[in-house]
Amino acid sequence: MKPVMKTIAVAALCLPLSALAHKQWLAPSKTVLNVDQWVTFDAGVATDPFVLDNNAMRVDNLSITAPDGTAVAPENPATGKLRATFDLQLKQAGTYKIAVINNSIAASWDDNGQTKRWPARGATFTAEGFAKEVPADAKDLKVTQSVGRIETFVTAGKPNTTALAPTGKGLELVPVTGFNDLYVGEAATFQLLLDGKPAADVEVEAIANGTRYRNAIGEIEVKTDKNGRFTFNWKQPGLYYLSASVTDDKAEKPATSRRSSYAASFEVLSP
Amino acid sequence: MRHRIPFALCASLLPGAVFAANLNVSVELPRIDVAEYHRPYVAMWLEREDKSVAANLAVWYQIKKAAAAMPGAAPAPNPQGGAKWLPDLRQWWRRSGRELQMPVDGISGATRAPGEHVLNFDASKGPLANLPAGQYKLVVETAREDGGRELVDIPFQWPAKQAQQIKAKGATELGAIVVDVQP
Numbered sequence: 000m001k002p003v004m005k006t007i008a009v010a011a012l013c014l015p016l017s018a019l020a021h022k023q024w025l026a027p028s029k030t031v032l033n034v035d036q037w038v039t040f041d042a043g044v045a046t047d048p049f050v051l052d053n054n055a056m057r058v059d060n061l062s063i064t065a066p067d068g069t070a071v072a073p074e075n076p077a078t079g080k081l082r083a084t085f086d087l088q089l090k091q092a093g094t095y096k097i098a099v100i101n102n103s104i105a106a107s108w109d110d111n112g113q114t115k116r117w118p119a120r121g122a123t124f125t126a127e128g129f130a131k132e133v134p135a136d137a138k139d140l141k142v143t144q145s146v147g148r149i150e151t152f153v154t155a156g157k158p159n160t161t162a163l164a165p166t167g168k169g170l171e172l173v174p175v176t177g178f179n180d181l182y183v184g185e186a187a188t189f190q191l192l193l194d195g196k197p198a199a200d201v202e203v204e205a206i207a208n209g210t211r212y213r214n215a216i217g218e219i220e221v222k223t224d225k226n227g228r229f230t231f232n233w234k235q236p237g238l239y240y241l242s243a244s245v246t247d248d249k250a251e252k253p254a255t256s257r258r259s260s261y262a263a264s265f266e267v268l269s270p
Numbered sequence: 000m001r002h003r004i005p006f007a008l009c010a011s012l013l014p015g016a017v018f019a020a021n022l023n024v025s026v027e028l029p030r031i032d033v034a035e036y037h038r039p040y041v042a043m044w045l046e047r048e049d050k051s052v053a054a055n056l057a058v059w060y061q062i063k064k065a066a067a068a069m070p071g072a073a074p075a076p077n078p079q080g081g082a083k084w085l086p087d088l089r090q091w092w093r094r095s096g097r098e099l100q101m102p103v104d105g106i107s108g109a110t111r112a113p114g115e116h117v118l119n120f121d122a123s124k125g126p127l128a129n130l131p132a133g134q135y136k137l138v139v140e141t142a143r144e145d146g147g148r149e150l151v152d153i154p155f156q157w158p159a160k161q162a163q164q165i166k167a168k169g170a171t172e173l174g175a176i177v178v179d180v181q182p
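Going down the list, the protein sequences come from chains H and L. Going letter by letter, the first sequence gives residues 0 to 270 in numbering that gives the first Met the number 0. Going letter by letter, the second sequence gives residues 0 to 182 in numbering that gives the first Met the number 0.
Encoded structure:
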């Protein structure tokens, strides 16, 4: 029992702090709208998706792409204790991508039996700081890059895919079924990409909103096929939180391992 | 059989009859006894077997912008009229509404009061002109502010070989719906 516990403890320590069971999400007020309508978004971090009981999400790296591919700024941004929020007016017809993109490097090592970390929580990685603060001969040194995207999508009028073009960095999702064309009783297929290429054999999880009002999380788990594709059959309408992550060694120096994560919120309607 | 032969003869003697084909739709909006009643948004269209839209027949919604509630009060925050609520007609919005520039001539109309509403469509003009022969569904979808949503569909063959009347009934937001297909 003991060695097992130790392994788990060590494994947990190796994970970046954001990975400790907390989910981050962008929750749109609606996803299928008409041109000129307003949408508001909540951005939170908690154990269960869409349950505002822990922290506001940091939205410093928020990027909103309009249907014509241009960047647009959010309006009325505000950060509270339990959520950050911002508004968006859909002035163009088509599909908007709302994304919070994070990219960070963190080091941890064993300093005489104590786990040291750098940079401190909330601080930013710099190459100079790394050279200064992390001993080159540190024992059990682990330097991990975390690349993450938290997204959601809203459409005014007819959907389009200009804003959905992948960037080729980290995990990304592209539609096979339209992101704002999701209905109970209709299978929805998406494609997961890692660095722009199909991400095969990756576990993808979906959780329906409302975990607070049921006993089981009720997650749906599927695996991507060799083309990175996977299919969900939605059982009920509402918001869904979809997430996946991949760990590999394609990290930027000085990191030696990379954790790519992807999370997105989708609205499923009843037909 | 005995009746059909003279009928066929009659039809062949009257070449004009071929062009008399038409579709009559009667939709009942039930009187709903609630404190705050708003007339429903209604969309009617013809659906192909693959669920794509063959023709839009009618969309009733609040076209004009709402007037200020009181003189001097701020105008209602909907300069587009009620177009912002059109996506509440979920199926219609998905199948065609989101691709249209509303209002559309001959299709858009103001919301209507409870009661029976009859629409006549002629095969030679309007939405039914050039409608290929085939199996269709008349779909009626309604959404009401502070109320419910309902969708009823009625399958029919176009053009009809003989006069046909098909009836359906909504459960909550729609009353009797009658499709009359004339050959």
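The beta carbon of each residue, even a glycine, is placed where N, CA and C say it ideally should be. These figures come from a predicted structure and were not determined experimentally.
Buried or exposed by the 16-neighbour rule on C-beta atoms within 10 Å, applied to residue i
i: Arg143(L); result: buried
i: Leu25(H); result: buried
i: Val17(L); result: Because the pLDDT at Val17(L) is just 48, under 50, the model does not fix this residue reliably, and the value given afterwards should be weighed accordingly. Counting Cβ neighbours within 10 Å, Val17(L) comes out exposed, since fewer than 16 surround it.
i: Glu140(L); result: buried
i: Arg213(H); result: exposed
i: Asp49(L); result: exposed
i: Thr223(H); result: buried
i: Val117(L); result: exposed
i: Arg211(H); result: exposed
i: Asp104(L); result: exposed
i: Ile206(H); result: buried
i: Gln113(H); result: exposed
i: Arg97(L); result: buried
i: Ala170(L); result: exposed
i: Gly114(L); result: exposed
i: Asp32(L); result: exposed
i: Asn55(L); result: buried
Continuous beta strand (DSSP E) stretch holding residue i: start and end
i: Val131(H); result: What sits at residue 131(H) in the sequence shown is Lys, not Val. Premise fails: Lys131(H) lies in the alpha helix (DSSP H), 126-132, not in any beta strand (DSSP E).
i: Trp157(L); result: 148-157
i: Arg116(H); result: 113-117
i: Trp84(L); result: Taken as a continuous stretch (DSSP letters only), Trp84(L) belongs to no beta strand (DSSP E), as it is neither H nor E.
i: Glu171(H); result: 170-174
i: Ser62(H); result: 61-64
i: Glu204(H); result: 202-207
i: Met56(H); result: Unbroken run through Met56(H): none, as it is neither H nor E.
i: Tyr168(L); result: Checking the sequence, you will find Lys at residue 168(L) rather than Tyr. 163-168 is the span of the beta strand (DSSP E), which, as asked, contains Lys168(L).
i: Phe85(H); result: 83-88
i: Leu45(L); result: 40-46
i: Ala132(L); result: Run containing Ala132(L): none; DSSP gives neither H nor E here.
i: Val260(H); result: For the record, residue 260(H) in the displayed sequence is Ser; it is not Val. Start and end: 256-267.
i: Gly43(H); result: 37-45
i: Phe152(H); result: 138-155
Euclidean distance between Cα positions of residue i and residue j
i: Gly174(L); j: Ser25(L); result: 10 Å
i: Arg94(L); j: Asn75(H); result: 33 Å
i: Lys225(H); j: Ala187(H); result: 17 Å
i: Leu238(H); j: Ser107(L); result: 32 Å
i: Ile97(H); j: Arg148(L); result: 30 Å
i: Gln164(L); j: Trp59(L); result: 24 Å
i: Val58(H); j: Asp109(H); result: 32 Å
i: Met56(H); j: Gln61(L); result: 39 Å
i: Ser264(H); j: Ser242(H); result: 9 Å
i: Asn119(L); j: Pro126(L); result: 11 Å
i: Val49(H); j: Ala126(H); result: Reading the sequence as shown, one finds Phe at residue 49(H) and not Val. For Phe49(H) and Ala126(H), the distance between alpha carbons rounds to 36 Å.
i: Asn159(H); j: Lys141(H); result: 42 Å
i: Lys22(H); j: Tyr240(H); result: 9 Å
i: Lys80(H); j: Lys234(H); result: 33 Å
i: Ala82(L); j: Asn33(H); result: 7 Å
i: Pro66(H); j: Ala72(H); result: 14 Å
i: Phe152(H); j: Phe178(H); result: 7 Å
i: Tyr40(L); j: Val31(H); result: 17 Å
i: Lys63(L); j: Asn54(H); result: 43 Å
i: Glu172(L); j: Leu28(L); result: 7 Å
i: Met43(L); j: Lys168(L); result: 15 Å
i: Ala119(H); j: Gly184(H); result: 47 Å
i: Lys166(L); j: Lys160(L); result: 18 Å
Residue from the options whose Cα sits closest to the Cα of residue i
i: Glu46(L); options: Ala20(L), Pro131(L), Glu149(L); result: Pro131(L)
i: Asp152(L); options: Trp91(L), Asp121(L), Asp145(L); result: Trp91(L)
i: Gln156(L); options: Ala34(L), Gln181(L), Tyr135(L); result: Tyr135(L)
i: Ala122(H); options: Thr161(H), Asn102(H), Leu193(H), Asp194(H); result: Asn102(H)
i: Ala106(H); options: Gln190(H), Gly128(H), Gly177(H); result: Gly128(H)
i: Asp179(L); options: Ala162(L), Asn129(L), Val33(L); result: Ala162(L)
i: Asn129(L); options: Leu150(L), Arg38(L), Ala53(L), Leu137(L); result: Ala53(L)
i: Pro86(L); options: Lys29(H), Arg116(H), Thr78(H), Asn60(H); result: Lys29(H)
Residue i, enclosing alpha helix (DSSP H) - first and last residue
i: Arg111(L); result: From DSSP, Arg111(L) is part of no alpha helix (DSSP H); its letter is neither H nor E.
i: Trp233(H); result: Premise fails: Trp233(H) is in no alpha helix (DSSP H) and is neither H nor E.
Closer than 7 Å to chain C by CB, residue i
i: Arg89(L); result: Of the chains in the structure shown, none is chain C; the protein chains are H and L.
Stretch-stretch touch, CB-based, cutoff 8 Å, three pairs: the segment 165-176 of chain H with the segment 39-59 of chain H: Judged by Cβ distances under 8 Å, the segment 165-176 of chain H makes no contact with the segment 39-59 of chain H, as fewer than three pairs qualify.
Cβ contact (3+ pairs, closer than 8 Å) linking the segment 141-154 of chain H and the segment 169-177 of chain H: Yes, the segment 141-154 of chain H touches the segment 169-177 of chain H.
Touch test, the segment 243-253 of chain H against the segment 191-211 of chain H, Cβ-Cβ under 8 Å, three pairs minimum: Yes: at least three Cβ pairs fall under 8 Å.
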